[in-house]
Amino acid sequence: MLKKMEIKDFDQVYTLMEESFPKDEYRDYQKQKELFQNPEYQILIEKNPEFREIKAFFAAWEFETFIYVEHFAVNPVLRNGGVGSRMLKALTEDAEKMIILEVEPPTEEIAVRRVRFYERNGFFFNDYPYIQPSMGEGRKETPLFLMSTERKIDEEEYRMIRNTLYTKVYGKKDVLKRERFIDMC
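Structure (structure tokens):
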């Protein structure tokens with residue numbers, strides 16, 4: 269079901285990313301494509317074999333102790349049909365590590381529904397405020413929370429995960445310094 273994306277499918281995945289996420293939550297086309305040079309990054313897709321259309325995708329980073337799902341989107345015409353739950357189940361069953369993903373603060377109805385969806389699919393909401401650094405020129409930082417499989421993470425794990433994301437995914441050592449200062453206050 270889940271297959272590693274071939275580069276020929278990138279344009280279709282990027283279009284789905286643009287349709288599914290606010291501009292502040294993804295990189296521009298070229299920067300997103302450059303991520304494939306990093307061996308820790310990959311995109312897993314489910315494709316409709318008849319129409320060669322991407323049903324859904326995960327953009328994920330695999331690190332030593334966890335897998336970070338940076339983006340997960342289902343084609344809008346297929347949402348609420350079970351595709352997302354099937355894909356999460358396949359991902360979590362295949363993973364031999366904790367899976368981490370980001371969600372918006374559950375203050376709006378859509379964000380609450382998203383958190384509940386992930387909880388129904390085996391994720392735990394972690395109460396540590398988290399800032400997703402800017403994804404590039406003209407894009408803002410985004411306040412989010414982390415969710416994890418297996419269990420809630422403790423504060424030490426949170427810091428380790430945050431530090432890994434800031435340095436390896438976002439290349440933001442300056443944000444990490446600011447966060448460490450906030451941790452000390």
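Each residue of the sequence shown is one higher than the one before, starting from 269 at the first, in our numbering.
Every residue gets a Cβ at the ideal spot worked out from N, C-alpha and C, and that includes glycine.
Treat the numbers as computed from the prediction; the structure is a model and nothing was measured.
Continuous alpha helix (DSSP H) stretch holding Phe289: start and end: It is not in any alpha helix (DSSP H) - Phe289 carries neither H nor E in the DSSP assignment.
Where the alpha helix (DSSP H) through Glu425 begins and ends: 423–432
DSSP bridge partner residues for Tyr309 (one or two, in chain order): Trp329
Selection from Ile421, Tyr434, His339 that minimises the alpha carbon distance to Ile311: Of the candidates Ile421, Tyr434, His339, the residue whose Cα lies closest to the Cα of Ile311 is His339.
Helix, strand or coil at Asn363 [DSSP, three-state]: The sequence given here has Ala at residue 363, not Asn. In this structure, Ala363 counts as coil in the three-state DSSP scheme.
DSSP-derived helix/strand/coil call for Thr417: Strand at Thr417.
Met355 and Glu418 closer than 7 Å at C-beta: no
Reduced DSSP secondary structure (H/G/I, E/B, other) of Glu338: strand
Per-residue burial, Gly350 [other beta carbons within 10 Å of its own, 16 or more giving buried]: The residue is exposed, with fewer than 16 neighbouring Cβ atoms inside 10 Å.
Burial state of Pro290 (16 or more Cβ within 10 Å): exposed
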